[in-house]
Amino acid sequence: MHSGHLLLEEPIRMVSILKPSKASFFPAMTKIVGTLGPKSRSVEVISSCLKAGMSVARFDFSWCDPEYHQETLENLKTSIKSTKKLCAVMLDTVGAEMQVVNKSEKSISLQAEAQVVLTPDRGQEASSQILPINYDGLAKSMKKGDTIFVGQYLFTGSETTSVWLEVSEVTGQDVVCTIKNSATLAGSLFTLHASQVHIDLPTLTDKDKEVISTWGVKNKIDFLSLSYTRHAEDVRQAREFLSKLGDLSQTHIFAKIENIEGLTHFDEILQEADGIILSRGNLGIDLPPEKVFFFQKSALYKCNMAGKPAVLTRVVDSMTDNLRPTRAEATDVANAVLDGSDAILLGAETLRGLYPVETISTVGKICAEAEKVFNQDRYFKRTVKYVGEPMSHLESIASSAVRAAIKVKASVIICFTSSGRAARLIAKYRPTMPVLSVVIPRLKTNQLKWSFSGAFEARQSLVVRGLFPILADPRHPADSTSASNESILKVALDHGKAAGVIKSHDRVVVCQKVGDSSVVKIIELED
1 MHSGHLLLEE PIRMVSILKP SKASFFPAMT KIVGTLGPKS RSVEVISSCL
51 KAGMSVARFD FSWCDPEYHQ ETLENLKTSI KSTKKLCAVM LDTVGAEMQV
101 VNKSEKSISL QAEAQVVLTP DRGQEASSQI LPINYDGLAK SMKKGDTIFV
151 GQYLFTGSET TSVWLEVSEV TGQDVVCTIK NSATLAGSLF TLHASQVHID
201 LPTLTDKDKE VISTWGVKNK IDFLSLSYTR HAEDVRQARE FLSKLGDLSQ
251 THIFAKIENI EGLTHFDEIL QEADGIILSR GNLGIDLPPE KVFFFQKSAL
301 YKCNMAGKPA VLTRVVDSMT DNLRPTRAEA TDVANAVLDG SDAILLGAET
351 LRGLYPVETI STVGKICAEA EKVFNQDRYF KRTVKYVGEP MSHLESIASS
401 AVRAAIKVKA SVIICFTSSG RAARLIAKYR PTMPVLSVVI PRLKTNQLKW
451 SFSGAFEARQ SLVVRGLFPI LADPRHPADS TSASNESILK VALDHGKAAG
501 VIKSHDRVVV CQKVGDSSVV KIIELED
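With UniProt numbering applied, the sequence shown corresponds to residues 1 to 527, in that order.
Shown next, in the form of structure tokens:
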């Protein structure tokens, strides 16, 4: 397993780091996924989140009903229109998640060294002696000495809102546990995680399928976050399910790796999935803490070499209640960027945290600083070596465009694409300048009506590091003439100028198709 080197530019010039960052139309090349919930669902807050740098909105269906999420999404649409900021939609499934059911929603106080019984949910009241769970087979999987964590959204075993249990005996369907730390559980649902134990629950549950085929279809979701992905077959089954749901055949599937089972089959899962989410909260429980960093580096390296987006979770937990991250968290965000992460996913920090906008802004600033010292040269050489020879036609064009842009110190790379694949390949080589991906709509038909594709492809690049989409006018079809290509190029250049990333006398590298050939050209702007 290759863990990759820390990609730091040497020597680091301290003076340049201490200068304040200049404002730009994007806070960082690294993308930010924000989970929308109680503290981040009004038009006002969502608009501020978009301006602060959120480019993907995540809807977590492990809590609340579709109507609630629909209201939030309508507010997101309003915010997109008013801020003119593109934002993709990610639906996060419940998956094979065990939950403690607390129907009365009364707080449950658990004391260290006391005993508590986990038992299948039959409508009993949850209390400090008994915790009903939504899974009948837990007792079959557990043995004395096993570890179980119970908490709401966050659990590290250190705070007072989650509890660490040790199995003392199994009797019938009941699992009797000793409480290891005092805690108070509040709310209607708590996640239950059994460390390093196979849970015989489907990855895509019937509830998930129902939500996807109703809410997901209605809202044409861009991404499906497949919780508790454990095998490549999980992704194949999800893709087969989506393929029968009209537009959702274009939805990208991100495999969420949450336990050792998923890590064991990582290579096969990566081959099948469109991207990976490393769920470090659950992984941190399934793995010994000292192993987490290694698997993070290794998984990100593999995603980078495959040219598939890698998303990291659980970076600034303390900002759920505090305005500033801890030193360790700030360093962790920077290291995620240096390790090759495409995006940072914020969960509780934006969903129920007190400072959703400030959290996005802070993470964006840390990412931007880390990007300044990212050793692109070493990364580029390593990627070219990994790809090997002979390179495919597209791979060769993408790497050449990046090399040319760096050599001539171009301010941006502009890439014309209809599927988004060419732009993603360019981004794979991690250019130091932004890639403006001009998505040219394609005319398609389903035998009943004609429509333009392109919106999906544009939004799906919002999770890729360094890629910034512009949707071209549908009147310029993909197989257009050079005259219409020139007019689209002008639109892209104007967009870059308005955003402040292109100035007069700058050089710009353009990657486009002319007839059957792909062309990389360098333009020097006059005014």
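Here a beta-carbon is modelled for each residue, glycine too, at the ideal position from N, C-alpha and C.
Owing to the predicted nature of the structure, the values given are computational and were not obtained by experimental measurement.
Since I believe residue j is in contact with residue i (beta carbons under 8 Å), could you give me their beta-carbon distance rounded to a whole number of angstroms?
i: L226; j: T203; result: 6 Å
i: D136; j: Q173; result: 7 Å
i: S399; j: Y429; result: 5 Å
i: V387; j: E395; result: 6 Å
i: R325; j: T362; result: Looking at the sequence provided, one finds Pro at residue 325 rather than Arg. Confirmed, Cβ separation roughly 6 Å.
i: residue 556; j: I276; result: With the chain running from 1 to 527 in the structure shown, residue 556 is simply not present.
i: C177; j: Q115; result: 7 Å
i: H193; j: N102; result: Not quite, the Cβ-Cβ distance comes to about 17 Å (not below 8 Å), so this is no contact.
i: I360; j: M54; result: 5 Å
i: G216; j: L185; result: Not confirmed; about 31 Å, so no contact.
i: A492; j: L471; result: About 11 Å separates the two Cβ atoms, so there is no contact after all.
i: L525; j: D506; result: 5 Å
i: E389; j: S419; result: Actually they are not in contact, since the Cβ atoms of E389 and S419 sit about 25 Å apart, beyond 8 Å.
Using alpha carbons as the reference points, say which of the options lies closest to residue i.
i: Q284; options: F295, G275, I276; result: It should be noted that the sequence gives Gly, not Gln, for residue 284. When only C-alpha atoms are compared, the closest one is F295.
i: P434; options: T417, A405, F456; result: A405
i: K503; options: I523, Q250, V197, E97; result: I523
i: I179; options: V150, T205, S188; result: V150
i: V33; options: S109, E486, R459; result: R459
i: S437; options: A410, M391, L278, L489; result: L489
i: R280; options: W164, R314, D494, V408; result: R314
i: P289; options: D222, G37, Y301, I260; result: I260
i: P431; options: S418, V408, P441, S419; result: V408
i: K218; options: A238, Y228, G246; result: G246
i: K39; options: G95, G145, C177, G353; result: G353
i: Y228; options: P441, D208, R465, D332; result: D208
i: E258; options: E526, H505, K513, V94; result: V94
i: L462; options: L50, G37, E113, P66; result: L50
i: G466; options: P390, E371, T161; result: E371
i: I426; options: I397, K103, A410, S392; result: I397
i: V211; options: D65, D146, A299, L189; result: D65
i: K521; options: T147, I148, E486, H252; result: E486
i: A306; options: S79, V464, G496, A334; result: V464
i: C303; options: A334, L263, P469, D286; result: L263
i: V509; options: A410, V501, A499; result: A410
i: L131; options: F380, C367, V175; result: V175
i: Y68; options: L36, S82, K81; result: L36
i: S318; options: Y301, E358, K81, L287; result: E358
i: L287; options: T147, T320, A28, A422; result: T147
i: V337; options: Q237, S62, A368; result: A368
What is the DSSP secondary structure of residue i, reduced to helix, strand or coil?
i: E290; result: helix
i: C177; result: strand
i: V520; result: strand
i: E97; result: coil
i: A23; result: Interpretation of A23 is limited by its pLDDT of 43, a score under 50 that renders its predicted location unreliable; the figure taken from the coordinates is listed afterwards. If DSSP states are grouped into helix, strand and coil, A23 belongs with coil.
i: G466; result: coil
i: C511; result: strand
i: E526; result: coil
i: G53; result: coil
i: L18; result: A caution first: L18 carries a pLDDT of 47, below 50, which makes its placement in the model too unreliable to give a value.
i: T35; result: strand
i: residue 528; result: With the chain covering only 1 through 527, there is no way to say anything about residue 528.
i: N102; result: coil
i: L201; result: coil
i: A330; result: helix
i: I502; result: coil
i: V311; result: strand
i: A28; result: coil
i: A343; result: strand
i: Y429; result: coil
i: Q124; result: coil
Identify the residues that DSSP records as bridge partners of residue i: which are they?
i: H193; result: F149
i: G275; result: F254
i: W63; result: Note: W63 sits in no beta bridge, so no partner.
i: K415; result: This sequence places Cys at residue 415; Lys is not what is there. According to DSSP, which records beta bridges pairwise, C415 is partnered with S437, C511.
i: D92; result: D60, S225
i: V117; result: I130, V176
i: S109; result: T184
i: W215; result: According to DSSP, which records beta bridges pairwise, W215 is partnered with nothing at all.
i: S162; result: G151
i: A401; result: Looking at the DSSP assignment, A401 forms no beta bridge with any residue, so it has no partner.
i: L471; result: V439
(request) Give a yes or no on contact between the region 121-133 and the region 75-89, applying the rule of three or more CB pairs nearer than 8 Å. (result) no
(message) Taking 8 Å as the cut-off, does the region 305-314 touch the region 328-341 (at least 3 CB pairs, one atom from each stretch)?
(response) yes
(request) Tell me, please, whether the region 33-52 touches the region 190-199 by the rule of three or more beta-carbon pairs shorter than 8 Å. (result) no
(message) Count Cβ pairs between the region 229-239 and the region 262-278 that sit closer than 8 Å; are there 3 or more?
(response) yes
(message) With a threshold of 8 Å, are at least 3 pairs of Cβ atoms found where one atom belongs to the region 101-111 and the other to the region 239-252?
(response) no
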